[in-house]
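Engineer:
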Ligand code: SF4
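Numbering (our numbering), first residue to last: 111 to 329.
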């Protein structure tokens, strides 16, 4: 017999590349800053289970693009998807890919759409703050100030939209976090254990690959 699980692992496995200090990604800055720091100082190969979750996210985004492009949906036009953007900081570069840019025909307004897949949209009452941070950076970098976070349920394709328009203060906070991260990395200073400090984020530590190092304040 064939081992299809193994075949999937082989198919989606990516070459391991350590991240470079000075080159940062919008998707990471809204999370625990210490964890991001460890990701640069002690890079780990993405585990197969996590790689599958990432791939599933890509598959869901491809589906969303099909829906946005569908001739049966005349209210929306997809202008671009997966398009790159760059932002220069003081001694560093932030780069990434924006999920989708659409125009809603009725209003003529352009919108940046950030797509997230989830296990159940019913439980999502507000967007994850790290996705808001990511979207604010895109809105800042592109100059398009209408944004939405579109959650799609992996189990039944139900969806939920949260509108998140440009907020210069939130974008400035996100840029400041990158600046702090860059300084802490270049000066080899361990950041605070950010996720542990708040009840609302402490649960993240249960899924953190660096919890042992973090518990010992290892550099
Ligand atoms: S264990 Fe928690 S506080 Fe420590 S790095 Fe991981 S997420 Fe951050």
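Note that CB positions come from ideal geometry on N, CA and C, so glycine has one too.
Computed from a prediction, not measured in an experiment: that's the story for all the values here.
1. Short check: CB of residue 259 to CB of residue 241, under 8 Å?
2. Drop a sphere of 10 angstroms on the beta-carbon of residue 223, count the other beta-carbons inside from all chains shown, and report buried for 16 or more, exposed for fewer.
3. Residue range of the alpha helix (DSSP H) that residue 291 falls in?
4. Apart from the five residues just before and just after residue 319, which ones in its own chain have a Cβ nearer than 6 Å to its Cβ?
5. By the DSSP assignment, the beta strand (DSSP E) with residue 207 in it spans what residues?
6. With 16 as the cutoff for other CB atoms within 10 Å, does residue 172 come out buried or exposed?
7. State yes or no: is the C-beta of residue 263 within less than 8 Å of the C-beta of residue 217?
8. Check whether the region 278-288 and the region 116-130 touch, using three or more Cβ-Cβ pairs below 8 Å as the test.
9. Using a Cβ-Cβ cut-off of 6 Å (strictly less than) and excluding sequence neighbours within five positions of residue 311, which residues of its own chain qualify?
Structural biologist: In brief:
1. Position 149 of the chain shown, counting from 1, holds the residue named residue 259. Position 131 of the chain shown, counting from 1, holds the residue named residue 241. A contact, by the Cβ cut-off of 8 Å.
2. As a working mapping, residue 223 is identified with position 113 in the chain shown. Label assigned to residue 223: buried.
3. On the chain shown, residue 291 is found 181 positions in, with the first residue counted as 1. Per DSSP, residue 291 belongs to the alpha helix (DSSP H) from 278-296.
4. Indexing the chain shown from 1 puts residue 319 at position 209. These residues qualify, in order along the chain: 154.
5. Sequence index remark: in the chain shown, residue 207 carries index 97 (1-based). Start and end: 203-214.
6. Position 62 of the chain shown, counted from the first residue, corresponds to residue 172. When all chains shown are included, residue 172 counts as exposed.
7. In the chain shown, counting from the first residue as 1, residue 263 sits at position 153. In the chain shown, counting from the first residue as 1, residue 217 sits at position 107. Not in contact: residue 263 and residue 217 (Cβ atoms no closer than 8 Å).
8. no
9. Taking the chain shown and counting its residues from 1, the one referred to as residue 311 is at position 201. Excluding positions up to five away in sequence, the list reads 305.
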